[in-house]
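K.L.:
Take a look at the following structure, please.
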Amino acid sequence: MTRIAFIGLGNMGGGMAANQAKTGHEVLAFDLSATALEKAVAAGCQAAGSAVAAVRDADAVITMLPAGQHVRAVYAGEILPNAKAGALLIDCSTIDVESARAVAAQATAAGFRFADAPVSGGQAGAEAGTLAFMVGCDEANFPAVEGVIGPMSRITIRAGDHGAGQAAKICNNMVLGATMIATCEAFALAEKLGLAPERFFEIASKSSGQSWSLTSYCPWPGPVPAAPSNRNYEGGFATAMMLKDLKLAQEAAAKAGAATPLGAQAEGLYALFDRLGGGGKDFSAILELFRGFAPGKDA
Ligand code: NAD
Numbered sequence: 215m216t217r218i219a220f221i222g223l224g225n226m227g228g229g230m231a232a233n234q235a236k237t238g239h240e241v242l243a244f245d246l247s248a249t250a251l252e253k254a255v256a257a258g259c260q261a262a263g264s265a266v267a268a269v270r271d272a273d274a275v276i277t278m279l280p281a282g283q284h285v286r287a288v289y290a291g292e293i294l295p296n297a298k299a300g301a302l303l304i305d306c307s308t309i310d311v312e313s314a315r316a317v318a319a320q321a322t323a324a325g326f327r328f329a330d331a332p333v334s335g336g337q338a339g340a341e342a343g344t345l346a347f348m349v350g351c352d353e354a355n356f357p358a359v360e361g362v363i364g365p366m367s368r369i370t371i372r373a374g375d376h377g378a379g380q381a382a383k384i385c386n387n388m389v390l391g392a393t394m395i396a397t398c399e400a401f402a403l404a405e406k407l408g409l410a411p412e413r414f415f416e417i418a419s420k421s422s423g424q425s426w427s428l429t430s431y432c433p434w435p436g437p438v439p440a441a442p443s444n445r446n447y448e449g450g451f452a453t454a455m456m457l458k459d460l461k462l463a464q465e466a467a468a469k470a471g472a473a474t475p476l477g478a479q480a481e482g483l484y485a486l487f488d489r490l491g492g493g494g495k496d497f498s499a500i501l502e503l504f505r506g507f508a509p510g511k512d513a
């Protein structure tokens with residue numbers, strides 16, 4: 215049995231911590247939210263009174279926090295000064311590459327093994343233990359990281375050294391944001407041209423317009439029953455979260471001097487949809503923008 219400290223028990227961390235507890239690990243959980251902590255305890259975790267209390271005797275420390283500033287603060291103030299010597303530190307939050315590398319450098323200098331290990335798969339994947347992990351760590355440490363991640367994952371891939379996991383995450387989500395917008399534009403155009411959206415789906419899903427956004431997550435209600443478009447775009451992956459990831463991609467591109475004009479357009483369009491009130495809707499709801507509706511209004 216491994217003793218795991220889990221910090222950040224929100225939409226994602228709650229399910230992930232529960233899956234660690236289910237495999238018989240002792241999970242010392244902490245969150246600033248008492249409600250989140252209570253849910254984790256009901257799912258088999260032990261409540262820690264603070265992040266410091268959680269990490270003190272843990273073999274592995276997992277963080278699932280909102281953004282880079284939270285990860286930097288928790289590492290500098292609580293984890294690094296108090297974690298057990300030799301502990302394995304894994305940050306699963308989606309954060310900027312620079313923060314991931316800065317935290318990795320501090321952790322390594324303090325004698326810890328560190329991995330950035332952001333995830334794909336959403337809340338449903340967190341609850342089912344089927345997330346995809348993209349890992350940035352030293353090659354020698356990867357087997358240990360993979361072992362700790364096991365109960366939460368469907369697939370774990372080492373992207374490269376520190377920061378590479380975050381780089382993979384934001385590049386992947388930039389493709390996702392841009393393909394979703396292109397798919398939504400095409401549905402809106404098909405509708406205007408008098409082409410039945412269902413027929414367009416049938417044809418494009420077997421032609422070169424095919425993508426994950428179309429065939430696994432179709433923004434037009436109907437063709438893909440499990441997609442959030444069939445639940446009025448509730449749940450799924452929120453527009454505000456997609457916007458956060460697209461902003462991270464643009465910041466990284468500006469710092470690296472990379473040309474990402476479609477990524478920039480995608481960020482601008484999701485920012486607009488967020489301003490119009492779509493921030494809480496699944497990101498495929500941006501279809502409404504191209505059809506000329508305010509978010510949440512029916513045709
Ligand atoms: P969330 O807001 O539901 O959860 C974050 C939790 O962190 C909250 O419960 C909050 O109280 C806690 N927290 C904040 N500061 C803390 C601190 N100092 N100490 C202890 N707890 C603290 O967010 P989420 O949806 O679980 O997302 C977490 C991370 O996962 C984000 O980086 C997000 O981008 C990423 N992510 C989310 C999804 C998704 O579909 N929700 C998918 C992939 C990745």
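FYI, in this note's numbering the residues of the sequence shown are 215 to 513. Heads up, the beta-carbon is just placed ideally off N, CA and C, and yes, glycines get one too.
Could you tell me whether the region 234 to 242 touches the region 313 to 329, where touching means 3 or more Cβ pairs closer than 8 Å?
P.N.:
The region 234 to 242 vs the region 313 to 329: no contact.
K.L.:
With DSSP as the reference, identify every bridge partner of D305, one or two as the case may be.
P.N.:
Taking the first residue of the sequence shown as 1, we reach residue 305 at position 91. BP columns for D305 point to T277, D330.
K.L.:
Indicate, with yes or no, if the ligand NAD has a heavy atom lying under 7 Å from the CB of V333.
P.N.:
By one-based count along the sequence shown, residue 333 stands at place 119. The answer is yes for V333.
K.L.:
Using only alpha-carbon positions, find the residue among C351, L462, A256 that is nearest to R315.
P.N.:
On the sequence shown, position 101 is the one that residue 315 refers to. Of the listed residues, the one whose Cα sits closest to R315 is C351.
K.L.:
With DSSP as the reference, label G374 as helix, strand or coil.
P.N.:
Within the sequence shown, the letter at position 160 stands for residue 374. Of the three classes helix, strand and coil, the one that applies to G374 here is strand, per DSSP.
K.L.:
Within a Cβ cutoff of 7 Å, which residues of the same chain sit near A301, ignoring the five residues on either side of it in sequence?
P.N.:
By one-based count along the sequence shown, residue 301 stands at place 87. Cβ within range, chain order: A272, D273, A274, V275, F326.
K.L.:
Output needed for G423: all residues of its chain with C-beta closer than 7 Å, excluding positions within five of it in sequence on either side, in chain order.
P.N.:
Along the sequence shown, one-based indexing puts residue 423 at 209. Counting only Cβ-Cβ distances below 7 Å, and skipping sequence neighbours, we find A400.
K.L.:
For D496, which beta-bridge partners are listed by DSSP?
P.N.:
Indexing the sequence shown from 1 puts residue 496 at position 282. In the DSSP output, where bridge partners are listed per residue, D496 has A452.
K.L.:
Do you know whose CA, among L223, P280, R217, A231, lies nearest D459's CA?
P.N.:
Within the sequence shown, the letter at position 245 stands for residue 459. Of L223, P280, R217, A231, the residue nearest in Cα terms is P280.
K.L.:
Does the Cβ of N296 have 16 or more other Cβ atoms within 10 Å, making it buried, or fewer, making it exposed?
P.N.:
Mapped onto the sequence shown, residue 296 falls at position 82. It is buried - the Cβ of N296 has at least 16 other Cβ atoms within 10 Å.
K.L.:
Using the DSSP secondary-structure output, state which residues sit across from R217 in a beta bridge.
P.N.:
Counting from one through the sequence shown, the residue named residue 217 turns up at place 3. According to DSSP, which records beta bridges pairwise, R217 is partnered with E240.
K.L.:
Tell me which same chain residues have a C-beta within less than 6 Å of the C-beta of L303, skipping the five on either side of it?
P.N.:
Looking up residue 303 in the sequence shown gives position 89. Closer than 6 Å at the Cβ level, and outside the excluded window around L303, lie V275, A321, F326, F328.
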